[in-house]
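Beneath this line is the structure, given in structure tokens, with notes to follow.
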Amino acid sequence: MTDLLAVDSPVGAADAVAGVRITPVDAVGLEQRAALLCARSIKASSKGAALDLAIRVMDLTTLEGADTPGRVHALCARARRPDAADWSVPSVAAVCVYPELVSVAAEALADSPVAVASVAGGFPAGLAPLEARLAEVSWAVAAGADEVDIVLNRSAFLSGRYQRAYDEIAAAKQACGSAHLKVILETGELGSYDQIRRASMLAMVAGADFIKTSTGKISTSATPATALCMAEAIRDMAEQTGRAVGLKLAGGIRTAKQAWHYLVIVGETLGSGWLTPERFRLGASSLLNDVLMQRAKLRDGRYQRREDFSVD
Amino acid sequence: MSSGMSSRLSVNKTYKQFIGGAFERSESGRSYPVTGAGGELLAHAVRGSRKDVRDAVAAARLAQEGWAGRTAYNRGQILYRVAEVMESRRDEFCVEVLRATDGSSEAIAAEETAAAIDRWVWYAGWADKFPTVLGGANPVAGPYFNLSVPEPVGVVGLVAPDEPPLLPLVSRLAPVIVSGNTAVVLASERCPLAAVTLAETLALSDVPAGVVNIITGHRDELVPPLAGHVAVDSLDLTGCDSEQGTAAARQAAATITRVVSASTAERQWADEAAQSPYLIDAFCETKTVWHPKGR
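Protein chains in written order, with the working numbering: chain A, 233 to 544; chain B, 2 to 296.
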């Protein structure tokens, strides 16, 4: 299956991964189309539905060295019921934490529809020894994670050792067991849309259930063009193999406006079948507040004050 | 070679809004004609939208903490600087005022401009004095120091009177910002051009971006989103007619926003009565601190 990878071929020569074709990306056209989709106006009647959808697909995230069980508890409470004063606000899709805090989140979210996601595999660089990374994945799943976010080995990928990168993802998928595997490509470090396309294909073929843009730990994270590039890769994958892989956008998504731009990009590229928590996620920490603020604006007809919404 | 002046194309100024320290057209892309006292077209001003109001409030909110955090002395320096820069563009203001106002004359326009400049100087002087006059140590029955300190309310929405174009705006704006508030100003609907020129002097006067934001356009469209905005802490509705003012005050009540309007005496713009430290107080909240006395 993985013959073309086996030779660890140089970047330019590998136009396929395990029999799946990798088409080149027209960078100018891609950015233009992404900008066009972001300029689309959304009518007030659709905004409410878009905001609720943004909440339903959100991975509420806290990935700080200073995370405490108390902080995670508070985050989980918000994940279940984002607005304590308004029960019509849906729960978010998942809470995303470091492995150490998975058990806290799992306990806080038991008997709720909110899933627990854990970063693992040497996040955010992904350069710990492979055994340690795989052990971390299994450990997180054992602690109660329903979803695991690992990082692509960019060191291997960028030096053309595709087979290595592929094998590591496949091994992580195995270590995940029944948990969902999301592979973070860290698109800001890949250098070009062609590379993003290639990394997307590689991760999907290796077994990723989701491909994800960024760790949120470097300055360049999700952009409309990268989102579109990855969505097109997912569309190619679905057309060529019939397998539906999810898309998670993360890093730098702070406003409701950005969120519905991404909803438009995904909806237009992959169809409304992808606009569900099973196939689409927005990873964010401060986005929820802005979405709640815009929701309150739609409800009350008056512009809101940021200080009235929670700090975290 | 053609002979100079007559063949030269006129270079007209685009009068834009002032939001977050930048001169911007409306997000809505609209404009409206501004006519002079004689009905002649002076320029097209930006016809702002509720989203411009929203952006201006956001800019004011962002700037407020930093502005209030400056020393009173520094705020005074900056207000004085506004007067200096206005002075250097005095002729331009005179023309702006003259063209806009019915029955004006060069002498009246010059007087209004001079009064506006002096008003900045007057409030600049108050910057580090009003806390002493309006606050102070309170005598209390107990082993405590008890101090009252006036603090800025936050973001103030200011509806400027329609006419005259310059002096009322400055008279209401200076006492708002001197204490550390930031302002979102709805300029005169009929003669907004002097307000935009004022914005240009503010931009050159070390007034930090977002401290003063000036929106031009139709009152009917702009007052409701400003009055209803939760992040506006106080409103000066001096420029509203009574019907519009009542509606705005009602909206403001829903979010407990303080409403202020100029008294009849304060509306004698050129008089001493139009300037007062109590106008600074109107946009301040008194903080009282109890501190145990040591032995």
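Even glycine gets a Cβ: it sits at the ideal position worked out from N, Cα and C.
Minimum C-alpha distance to B/G218 - residue among B/A188, B/A195, B/S243, B/E244: For B/G218, the nearest C-alpha among the options comes from B/A188.
Residue from B/L159, B/A111, B/S262, B/F146 with nearest C-alpha to B/A57: Of the candidates B/L159, B/A111, B/S262, B/F146, the one whose C-alpha sits nearest the C-alpha of B/A57 is B/L159.
Alpha-carbon to alpha-carbon, B/P225 and B/K52: Their backbone Cα atoms lie some 12 angstroms apart in a straight line.
Close Cβ partners of A/A440 (< 6 angstroms) along its chain, the five nearest in sequence each way excluded: If we look at A/A440 and ignore the five residues flanking it on each side, its Cβ neighbours are L413, V415.
Pair within 8 angstroms by beta-carbon distance, A/G420 and A/S453: Judged by their CB atoms, A/G420 and A/S453 are nearer to each other than the 8 angstroms cut-off.
Within-8 angstroms CB hit, B/A232 to chain A: So, interface residue.
Same chain, Cβ closer than 6 angstroms to A/R573, five either side skipped, listed in chain order: Since the displayed chain A opens at 233 and closes at 544, residue 573 of chain A lies outside it and no answer follows.
Exposure of B/H292, with buried meaning 16 or more beta-carbon neighbours within 10 Å: Exposed, by the Cβ-count rule.
Under 8 angstroms (Cβ pairs) to chain B, residues found in the region 255 to 278 of chain A: Taking 8 angstroms as the upper bound on Cβ-Cβ separation, chain B lies near no residue of the region 255 to 278 of chain A.
Nearest-angstrom Cβ-Cβ length linking B/V185 and B/L227, presumed shorter than 8 angstroms: Right, their Cβ atoms sit about 6 angstroms apart.
Neighbour list for A/Q490 in chain B, Cβ cutoff strictly below 8 angstroms: Per Cβ cutoff of 8 angstroms: no residues; A/Q490 is ~16 angstroms from chain B at best.
Own chain, CB closer than 7 angstroms to B/D282, minus 5 neighbours either side, in chain order: Same-chain partners within the cutoff: L135, P151.
Cutoff 8 angstroms: A/V239 Cβ touching any chain B Cβ: With a pLDDT of 40 at A/V239, under the threshold of 50, the modelled position of this residue cannot be trusted; read the value that follows with caution. Look at A/V239: its C-beta is not under 8 angstroms from any C-beta on chain B.
Status (buried if at least 16 other CB within 10 Å, exposed otherwise) for A/Q526: Burial check for A/Q526: the Cβ neighbour count within 10 Å reaches 16 or more, so the residue is buried.
Minimum Cβ-Cβ distance from A/Q395 to chain B less than 8 angstroms: So no, A/Q395 is outside the interface.
Proximity below 8 angstroms, CB of A/G376 to CB of A/R365: Going by beta carbons, A/G376 and A/R365 fall outside the 8 angstroms limit.
A/P256 versus A/M462: straight-line alpha-carbon distance, rounded: One Cα belongs to A/P256, the other to A/M462, and the distance between them is close to 13 angstroms.
Interface positions of the region 45 to 57 of chain B facing chain A (Cβ-Cβ less than 7 angstroms), listed along the chain: So the list reads R55, given in the order they occur along the chain.
Reference A/L460, options A/R429, A/G484, A/K405, closest by Cα: For A/L460, the nearest C-alpha among the options comes from A/R429.
Residues near B/R220 by beta carbon distance below 6 angstroms, same chain, minus five either side: Closer than 6 angstroms at the Cβ level, and outside the excluded window around B/R220, lie E190.
Alpha carbon of A/D358 to alpha carbon of A/A404, nearest angstrom: In the sequence on display, residue 358 of chain A carries Gly and not Asp. Spanning the alpha carbons of A/G358 and A/A404 requires a straight line of approximately 12 angstroms.
Contacting residues, own chain, Cβ-Cβ under 8 angstroms from A/R313 (five flanking each side not counted): Counting only Cβ-Cβ distances below 8 angstroms, and skipping sequence neighbours, we find W319, V321, S323.
Short CB-CB distance (under 8 angstroms) between A/Y535 and chain B: Closer than 8 angstroms: yes.
Cβ contact (3+ pairs, closer than 8 angstroms) linking the region 123 to 141 of chain B and the region 189 to 207 of chain B: Between the region 123 to 141 of chain B and the region 189 to 207 of chain B, the count of C-beta pairs closer than 8 angstroms stays below three; the two stretches do not touch.
Any beta strand (DSSP E) of 3 or more consecutive residues that is wholly inside the region 165 to 234 of chain B: For the region 165 to 234 of chain B, whole beta strand (DSSP E) runs of length 3 or above, ordered along the chain, are 183 to 187, 213 to 216.
Whole-angstrom C-beta distance between A/V523 and A/F512, which should lie under 8 angstroms: The pair is not a contact, with the Cβ atoms about 15 angstroms apart (cut-off 8 angstroms).
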